[in-house]
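Only one structure is covered here, and it is reproduced in the block below.
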Amino acid sequence: MKEHVGKSLGPYPFKLEKAELQAFARAVNTKEEKYLSGEWAFPSFLTVFRQGEFEWVQKLGIKISELLHGEQEYQHFHDLKAGDKVSFETKFAHLAEKKGGAGIMRFFVFETEVSVDGKRAALARSTIIVRSAAV
Amino acid sequence: MTSLNSEKLAPITQPMLTAYGQAARDPNPIHLDEKAAKAMGLPGVIAHGMLVAGFLTDRALRETGSGWKLVSSQVRFRGMTRLGEVLQVSGQKDESKPGRVKVELEAKGTDEKGEVKATARFEFEKCA
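Line by line, the protein sequences are chains A and B. Okay, so the first sequence: first residue is 0 according to numbering that gives the first Met the number 0, each after it adds one. Okay, so the second sequence: first residue is 0 according to numbering that gives the first Met the number 0, each after it adds one.
Below, the structure is given as structure tokens:
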């Protein structure tokens with residue numbers, strides 16, 4: 000598994016659709032018209048680009064249901080809006096193990112770069128915890 | 000540092016999690032299916048950490064307003080939120096640096112345990 004650290008998957012294309020931005024704004028219960036209108040992406044909409052992370056997880060032979068999300072960081076360079084043609088790429092940045100009473104806990108860090116027309120829009124860094132000793 | 004008003008969120012329901020899971024394209028069944036959650040040793044269905052992060056992000060945006068641009072967000076998930084739980088959000092705002100605002104928030108359970116579910120930090124810059 001360690002041999003994959005430092006490698007990236009993608010780039011994957013993703014078109015931002017107004018209806019999808021609206022559904023996300025409603026799901027996080029924001030009252031801001033800017034987001035409810037579907038014109039702009041709510042900042043944490045970046046979570047949809049965890050798809051790259053889920054691709055990694057499957058490639059590493061881990062079941063999605065084994066994941067717990069430990070931490071999420073974003074750097075927002077510019078806002079995403081409806082109609083943007085996004086491209087994202089996910090790097091398996093780091094792997095750490097901790098032994099505990101309940102078995103081995105693995106901490107995976109994935110970094111996703113999100114761009115629009117070749118310009119960097121955001122960086123996401125996600126830490127997930129896998130508790131099973133199955134891997 | 001200014002303390003922010005503490006605010007209670009609506010109870011977490013399955014329709015909320017289902018809608019969020021679809022909107023966020025999150026395929027993890029521990030947020031949708033009791034059996035899948037229990038199979039993973041969880042007490043039952045738990046809320047998406049990123050749903051709680053979304054509530055905290057919205058609060059941070061409301062604390063600053065349209066003249067400010069969000070430049071970074073960081074959320075740590077510290078506890079699991081179960082169906083029916085009511086979370087309470089509190090925090091503080093730091094405006095000590097000119098042109099910058101930092102909002103720190105915490106979401107806690109409102110039951111007798113009062114467990115911290117998530118802590119977050121948001122940094123804003125004044126729009127040009």
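Beta carbons: idealized from backbone N, C-alpha and C, even for Gly.
Query: Buried/exposed call for Ser72(B), threshold 16 Cβ in 10 Å; Result: buried
Query: Distance, Ser43(A) Cα to Leu79(A) Cα; Result: 11 Å
Query: Members of the segment 76-96 of chain B that neighbour chain A once the beta carbon cut-off is set at 7 Å; Result: Phe76
Query: Contact under 8 Å by Cβ, Ala18(B) with Ser64(A); Result: no
Query: Option nearest Ala123(A) by Cα separation, candidates Gly100(A), Ser7(A), Phe107(A), Leu45(A); Result: Leu45(A)
Query: Three-state class that DSSP yields for Arg24(B) in the structure shown; Result: coil
Query: Any chain B beta carbon closer than 8 Å to Thr89(A); Result: no
Query: Residues that Gly102(A) bridges to, as DSSP identifies them; Result: Gly99(A)
Query: CB contact check: Phe106(A) to chain B, cutoff 8 Å; Result: no
Query: Phe54(B) beta carbon less than 8 Å from that of Leu8(B); Result: yes
Query: Interface partners of Lys68(A) on chain B, CB under 8 Å; Result: It should be pointed out that residue 68(A) corresponds to His in this sequence rather than to Lys. Within chain B, the residues near His68(A) are His47, Gly48, Met49, Phe76.
Query: Reduced DSSP category for Gly48(B) - H, G, I as helix; E, B as strand; rest coil; Result: helix
Query: Assigned secondary structure, His75(A) (DSSP; H/G/I helix, E/B strand, else coil); Result: strand
Query: Coil, strand or helix - Phe44(A) by DSSP; Result: helix
Query: Contact list for His93(A) against chain B, beta-carbon separation under 9 Å; Result: Within chain B, no residue comes near His93(A); the closest Cβ sits about 16 Å away, beyond 9 Å.
Query: Among Gly37(A), Leu15(A), Gln50(A), the one whose alpha carbon lies nearest that of Asp83(A); Result: Leu15(A)
Query: CB contact check: Ala106(B) to chain A, cutoff 8 Å; Result: no
Query: CB contact check: Ile11(B) to chain A, cutoff 8 Å; Result: no
Query: Extent of the continuous alpha helix (DSSP H) run through Lys58(A); Result: 50-58
Query: Under 8 Å from the C-beta of Thr56(B): neighbouring residues of chain A; Result: Val27, Phe41, Pro42, Ser43
Query: Close beta carbons around Arg105(A), own chain, < 6 Å, minus the five adjacent residues each side; Result: Glu96, Val129
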